[in-house]
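Data block below; observations after.
In the numbering used here, the protein residues as written are -2 to 322.
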């Protein structure tokens, strides 16, 4: 067991004693820098930064540092396994397990996945991994690094019905407004129409037509008929649309606030959708730094053609990995 992990465990023991007061300014700056390193993909640097800080951090700051360190461990475990660095991933997992055991969270080193990922394993398939999209950079030091790739959604679970699917009406996939609006006839029960709606949304989701799928899933949610097994799919569709909005470069604080409200709404739909929490941290950091430096809106320097590439670049990690709060 490394000396730093022993220090972390000691800090956790100290942080169990209630201490009033906010974290110190030095620790706030440390966490801000660690999130920047995490955002630009320098996970090892972020981890070393926080582990070192715990050796001298005051007791009242330990909890905040350890919580951010846990989140970073979880992302590092997943990315290391994807890259084939299993030894490194195992070490991070061991550190995380020790932290969890002392903190009494009862969570495993690698958080459990939900229905979408479980279905992938059941059918023997694995999500395709390709490059992720980037948020356009603003000029100067006020800009943050690009976020990680939007997670790969995986397959949808089968619909629990023995009735055969009705043929789907053909409709252009480019616009949500052209999706057919199925309605029940006098001789057709509402439950059958609901199953048809779900089948339509699932087909669009498998085809990566997330705007179309999200439109139907949202209608089902608003009517109170969206199954719990599809809440993660709706959260994913709305996150995909949110990444496009970030890529367009919000021009003012009002647009950034609208994006933050959408992140909150996504987390209400699927509380364990960790990518929404990651985007929330990134947006808060960018808003804070932009307000402090008067930087130009990022859309003024957005790279050409980035939106044309978006549809083919929303890929990589499991979207429903839970990040402890």
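Backbone N, C-alpha and C define an ideal beta-carbon position, used for all residues, glycine too.
Closest to residue i by CA distance: which of the options is it?
{"i": "residue 269", "options": "241, 279 and 225", "result": "225"}
{"i": "residue 274", "options": "97, 32, 207 and 215", "result": "32"}
{"i": "residue 279", "options": "254, 267 and 24", "result": "254"}
{"i": "residue 96", "options": "76, 77, 209 and 64", "result": "64"}
{"i": "residue 237", "options": "222, 272, 218 and 213", "result": "272"}
{"i": "residue 67", "options": "55, 199, 91 and 82", "result": "91"}
{"i": "residue 43", "options": "55, 56, 54 and 28", "result": "28"}
{"i": "residue 358", "options": "208, 40, 46 and 88", "result": "Outside the shown range of the chain (-2 to 322) lies residue 358, about which nothing can therefore be said."}
{"i": "residue 56", "options": "262, 46 and 21", "result": "21"}
{"i": "residue 244", "options": "276, 94, 214 and 219", "result": "276"}
Rounded to whole angstroms, what is the Cα-Cα separation between residue i and residue j?
{"i": "residue 177", "j": "residue 241", "result": "Legend: pLDDT at residue 177 = 43, less than 50; position of this residue unreliable, value from coordinates given subsequently. Residue 177 and residue 241: Cα-Cα distance of roughly 24 Å."}
{"i": "residue 247", "j": "residue 264", "result": "21 Å"}
{"i": "residue 212", "j": "residue 258", "result": "18 Å"}
{"i": "residue 283", "j": "residue 256", "result": "12 Å"}
{"i": "residue 49", "j": "residue 286", "result": "25 Å"}
{"i": "residue 25", "j": "residue 61", "result": "9 Å"}
{"i": "residue 83", "j": "residue 267", "result": "29 Å"}
{"i": "residue 233", "j": "residue 201", "result": "13 Å"}
{"i": "residue 71", "j": "residue 45", "result": "15 Å"}
{"i": "residue 41", "j": "residue 227", "result": "35 Å"}
{"i": "residue 216", "j": "residue 196", "result": "14 Å"}
{"i": "residue 86", "j": "residue 93", "result": "10 Å"}
{"i": "residue 222", "j": "residue 239", "result": "24 Å"}
{"i": "residue 34", "j": "residue 199", "result": "37 Å"}
{"i": "residue 75", "j": "residue 30", "result": "21 Å"}
{"i": "residue 252", "j": "residue 54", "result": "37 Å"}
{"i": "residue 38", "j": "residue 47", "result": "15 Å"}
{"i": "residue 206", "j": "residue 262", "result": "21 Å"}
{"i": "residue 219", "j": "residue 235", "result": "14 Å"}
{"i": "residue 260", "j": "residue 88", "result": "32 Å"}
{"i": "residue 69", "j": "residue 281", "result": "17 Å"}
Tell me whether residue i is buried or exposed, calling it buried when 16 or more other Cβ atoms sit within 10 Å of its Cβ.
{"i": "residue 250", "result": "exposed"}
{"i": "residue 80", "result": "exposed"}
{"i": "residue 52", "result": "exposed"}
{"i": "residue 203", "result": "exposed"}
{"i": "residue 73", "result": "buried"}
{"i": "residue 316", "result": "In this predicted model, residue 316 has a pLDDT of only 46, less than 50, meaning its place in the structure is not dependable enough to derive any value."}
{"i": "residue 77", "result": "buried"}
{"i": "residue 36", "result": "buried"}
{"i": "residue 59", "result": "buried"}
{"i": "residue 210", "result": "buried"}
{"i": "residue 23", "result": "exposed"}
{"i": "residue 194", "result": "buried"}
{"i": "residue 297", "result": "Here residue 297 scores only 33 on pLDDT, less than 50, and its place in the model should not be relied on; the value that follows carries that caveat. Label assigned to residue 297: exposed."}
With respect to the alpha helix (DSSP H) encompassing residue i, which residues constitute its N-terminal and C-terminal limits?
{"i": "residue 24", "result": "22 to 36"}
{"i": "residue 73", "result": "56 to 79"}
{"i": "residue 50", "result": "40 to 51"}
Would you verify that the beta carbon of residue i is, or is not, closer than 8 Å to some beta carbon of chain C?
{"i": "residue 254", "result": "Structure shown: chain C not included; a single protein chain is present."}
Any heavy atom of the ligand HEM closer than 7 Å to the Cβ of residue i?
{"i": "residue 210", "result": "Absence of the ligand HEM from the depicted structure is noted, as is the absence of any ligand whatsoever, leaving it without description."}
My parser needs the alpha helix (DSSP H) runs of 4 or more residues fully inside the segment 267 to 291; what are they?
Runs of the alpha helix (DSSP H) spanning 4 or more residues and lying entirely within the segment 267 to 291 occur at 271 to 290, in chain order.
Start-end ranges of the alpha helix (DSSP H) lying completely within the segment 211 to 276, minimum 4 residues:
Fully enclosed alpha helix (DSSP H) runs of 4 or longer: 228 to 245 and 250 to 266.
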